[in-house]
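From first to last, the protein sequence lines stand for chains H and F.
Using our numbering, the letters of the first sequence correspond one by one to residues 1 to 113.
Using our numbering, the letters of the second sequence correspond one by one to residues 1001 to 1115.
Notes for the one structure printed next.
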Amino acid sequence: GQQLNQSPQSMFIQEGEDVSMNCTSSSIFNTWLWYKQEPGEGPVLLIALYKAGELTSNGRLTAQFGITRKDSFLNISASIPSDVGIYFCAGRSSPSGTYKYIFGTGTRLKVLA
Amino acid sequence: DAGVIQSPRHEVTEMGQEVTLRCKPISGHDYLFWYRQTMMRGLELLIYFNNNVPIDDSGMPEDRFSAKMPNASFSTLKIQPSEPRDSAVYFCASSFSLASTDTQYFGPGTRLTVL
C-alpha cells in the first residue's frame, strides 16, 4: 500500500539532545498526525495538525504542518530515556467518499542515558 | 474511558486454521478501522466501517480475509484458512467522525503467528 516517507529511519541520541524528524508525501494532505508506538502496544496519538503552517506543541514535542501541505515535522526537545519508541506520521487528504490515513514508514528512536 | 479493546492479545495457530480477532471500539465512535502491521509493509489499512457498514475494504488482501461489525460495540476480523504470511500485528482503531478535526485511536493490537 501507499506509504509516506519518513526520515531518518532510525536515530541513536544521547539523553538531553534534541530530535528532529520529518515526513514527506507526494500528495497534499489536510490533516497530519504524529503517533508514538512502544513495543507490544498500539500507536498512541501525540499531536494532530489541521492547517498548513500550523505549529503545535505537546510538552517537549512540537510538530509543524508544512506550508506546501506535503510534509510535516516533529521535534522533541531535551530527550529522555522514555522517549524511546517508533514515531509514525500519518496524513489524510480531504474526504471524498473514503476515509483513509496513510502512514509513514516510522522513525525508530533510541535514547542513550 | 477504556479505550479500544482487542482480543486476544496474542494468537498462535497452525496453517489452515481459522483465526478470529475481536475488537470493541470506544463508545460513541462511529468509525472502526482494521490495520495490519508488518516489518516489511508497515501499517496498512485493511477495512473500515461507518455505523457498522463496511465502507472501504480495498485493503483486504484476499478472500481469505473477512470482517464484520454486527453492532456498534463489536467487530471481528476473520482469516480462513490462515497462512504463515498472515503473521503480523493486527490493530483495531476507532474515531468519532469524518471531520478533519477528528482523529483515530488505536487498540493494543493482536499479535498473530501462523506456523
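Glycine included, every Cβ here is placed at the ideal spot set by N, Cα and C.
Since the model is a prediction, treat every value here as computed from it, not as a measurement.
Worksheet item: How close, in whole Å, do the beta carbons of I76(H) and N58(H) come, if the pair is a contact with beta carbons under 8 Å?
Response: Their Cβ separation, rounded to whole angstroms, is 10 Å, which puts I76(H) and N58(H) out of contact at 8 Å.
Worksheet item: Which residues in the same chain have their Cβ closer than 6 Å to the Cβ of E54(H), if we skip the five residues on either side of it in sequence?
Response: F65
Worksheet item: Under the three-state reduction of DSSP, which class applies to D1056(F): helix, strand or coil?
Response: strand
Item to complete: Measuring only between beta-carbons, confirm whether F103(H) sits less than 9 Å from chain F.
Response: yes
Worksheet item: Assuming L1043(F) and L1077(F) make a contact with CB atoms under 8 Å, what is their CB distance in whole Å?
Response: Actually they are not in contact, since the Cβ atoms of L1043(F) and L1077(F) sit about 15 Å apart, beyond 8 Å.
Item to complete: For T1103(F), decide whether its Cβ has a neighbour in chain A, counting only Cβ atoms nearer than 9 Å.
Response: Here the protein chains are H and F, and chain A is not one of them.
Worksheet entry | Given T1113(F) as reference, the closest of A1002(F), G1003(F) and T1038(F) once Cα atoms are compared | T1038(F)
Worksheet item: Going straight from the alpha carbon of P1070(F) to that of G104(H), what length do you get?
Response: 31 Å
Fill in: Within 9 Å of chain H by C-beta, residues of the region 1038-1065 of chain F in sequence order
R1041, G1042, L1043, E1044, L1045, Y1048, N1050, I1055, D1056, S1058 and G1059
Worksheet item: Cα separation between L45(H) and G1109(F)?
Response: 15 Å
Practice prompt. Determine the chain H residues that contact F998(F) at a beta-carbon separation under 7 Å, and present them in chain order.
Written response: The shown model of chain F, from 1001 to 1115, leaves out residue 998(F), and the question about it has no answer.
Practice prompt. Please list the segments of the beta strand (DSSP E) lying wholly inside the region 33-108 of chain H, counting only runs of 3 or more residues, in order along the chain.
Written response: 44-49, 55-58, 61-65, 71-76 and 85-92
Practice prompt. Check P1070(F) in the structure and name its three-state DSSP category.
Written response: strand
Fill in: Opening and closing residue of the beta strand (DSSP E) in which T1013(F) lies
H1010 to T1013
Fill in: Neighbour flag for P1070(F) against chain H, beta carbons, 9 Å
no
Discussion item. On the DSSP letters alone, give me the boundaries of the beta strand (DSSP E) that T1103(F) sits inside.
Written reply: It is not in any beta strand (DSSP E) - T1103(F) carries neither H nor E in the DSSP assignment.
Worksheet item: Under a three-way DSSP split, which group does R1085(F) fall into?
Response: helix
Worksheet item: What is the DSSP secondary structure of A1002(F), counted as helix, strand or coil?
Response: coil
Worksheet item: Going by beta carbon distance, what residues of the same chain come within less than 8 Å of T1013(F), once the five residues before and after it are set aside?
Response: V1019, S1082, L1112, T1113, V1114 and L1115
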